[in-house]
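Just below is one structure, and these are the notes that go with it.
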Amino acid sequence: MGSEVKAYGSKAALATVARTQPTWKGPARDLQAMAAVVRFDEHQRLQHVLMMSSFIILALTGLPQKFSGLALSQWWVDTLGGLQTVRAIHRSAGLIMLADCMYHLAYLGFRIGVQRRTGPLRMLPAPRDLRDLVQMVLYFVGIAREKPKFDRFSYLEKFDYWAVFWGICMIGGSGLILIFPVVATRLLPGQVIPVAMVIHSDEAILAVGWILIVHMFNVHLAPWVFPFNPAIFTGRMAAHRCAEEHPLEWERIVSTGRIPHPAAVTHGSAVKRTFVFDRRRAVGTFAMAGSAARSCAKGLSTRAAHWWARLVSRSEVS
Ligand code: HEM
């Protein structure tokens, strides 16, 4: 999460810059520097690989236990070698995930406390995120002219990170209680075991849903990154994408003088083309939605009036 400004210029990356920035006339050295910037260091990439793989194993061994009545779960548990094996795999993967969390916390402590690098602190929520969120909504409905300018992490990325952080505290804490029930009940009342089971079981559904829907969409399926965002695996991000998606971060990188000004790079942005929103169309959509809601409300109130009149007349007859 540091603000490294190392720039890469592989042949493929240079070809991408040449394709996306056909008007770029800068010297080859600058072009090379534009190709890619470091977004994640090797520790962050390793932490993500551990998290991702342990999560997949945990979901594949936890869900068949939760939905044990399904024929598919029974087939899967038998295929893996029976319930004892599945539980052992689940517990081992759980401990790997918790070890990965420790690794992440130690990494943060070292970066911030020892190396005095403030990059990771940019993941902390700030009032600016709320303003960005409001501006993004206004942009999507066609009221704001421009998208908010994000720094190293957008409000969505921060939300994604903190949601996982919180989820792991819940699922990991309850999982530990389930692995060590005797120790847990020495320190806490016995009711903690069924409570931990409910938390663990429900949080598992939330976690799988979150990763499959929100995380996958934000990171890989959104139109501006579709079909795949390799940054967390390669550690690099194309310079033109950095300039488009994280303009404030990009300007900081540029201010070091090792990469040309963002104006040269943001030119011809695909993101802008995808997301130009016609304000008149937005107003029209609102007007249509308003009139549909009005006629709906009118229809409902007429029906309610009829229904009320019939009820009253029936009670008068009886
Ligand atoms: C983070 C560390 C985790 C630990 C230490 C852990 C541990 C456990 C333990 C001890 C059990 C009880 C079954 C048994 O005795 O083996 C369990 C059940 C379960 N776990 Fe985990 N787990 C962890 C993470 C996860 C994750 C990330 C998921 C889902 C994505 C998950 C999903 C489940 C499910 C669905 C059950 C079955 C609950 C039920 O029967 O209702 N676990 N886990």
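Quick note: my numbering has the sequence shown finishing at residue 327, numbered continuously throughout. Quick reminder that beta carbons are idealized off the backbone N, C-alpha and C, glycines included. If you're wondering where the values come from, they're calculated on a predicted model, not measured in any experiment.
Nearest candidate by alpha-carbon position, reference residue i, set the options
i	options	result
M60	G90, W85, F174 and E254	F174
I65	S82, H99 and A108	H99
L257	V207, A153, T194 and R137	R137
S183	R161, S210, L165 and D169	S210
C178	L114, L221 and V191	L114
H249	V86, V234 and G90	V234
F168	L196, V207, L139 and V192	L139
R48	I208, V192, R154 and F162	F162
R96	G71, W171 and P129	G71
Where residue i falls, given that 16 or more other Cβ within 10 Å makes a residue buried
i	result
K281	Low local confidence applies: a pLDDT of 38 at K281 is under 50, so the model's placement there is unreliable, and no value is given.
A135	exposed
E254	buried
W84	exposed
Y164	buried
A247	buried
V6	Outside the shown range of the chain, which is 10 to 327, sits residue 6, and nothing can be said about it.
W259	buried
C-beta atoms of residue i and residue j nearer than 8 Å
i	j	result
I188	I202	no
G181	L107	yes
G103	L142	no
L215	G176	yes
A367	K75	No information on residue 367 is available, as it lies outside the stretch 10 to 327 that the chain covers here.
Y116	H52	yes
R261	V46	no
P73	S63	no
R131	D160	yes
R54	I241	yes
N238	H224	no
M380	K156	Past the edges of the chain, shown from 10 to 327, lies residue 380, and the structure says nothing about it.
Presumed contact (8 Å Cβ cut-off) between residue i and residue j, rounded CB distance
i	j	result
Y112	Q200	Not really, about 33 Å apart at Cβ, beyond 8 Å.
Segments assigned alpha helix (DSSP H), at least 4 residues, entirely inside the stretch 29–111: List check, alpha helix (DSSP H) in window: 37–43, 51–75 and 80–89.
Runs of alpha helix (DSSP H) wholly within the stretch 147–202 (minimum 4 residues, chain order): If you keep only unbroken alpha helix (DSSP H) runs of at least 4 residues inside the stretch 147–202, you get 164–188 and 190–196.
3 or more residues per run - each beta strand (DSSP E) lying fully within the stretch 211–261: Counting whole runs of 3 or more residues, the stretch 211–261 contains the beta strand (DSSP E) stretches 245–247.
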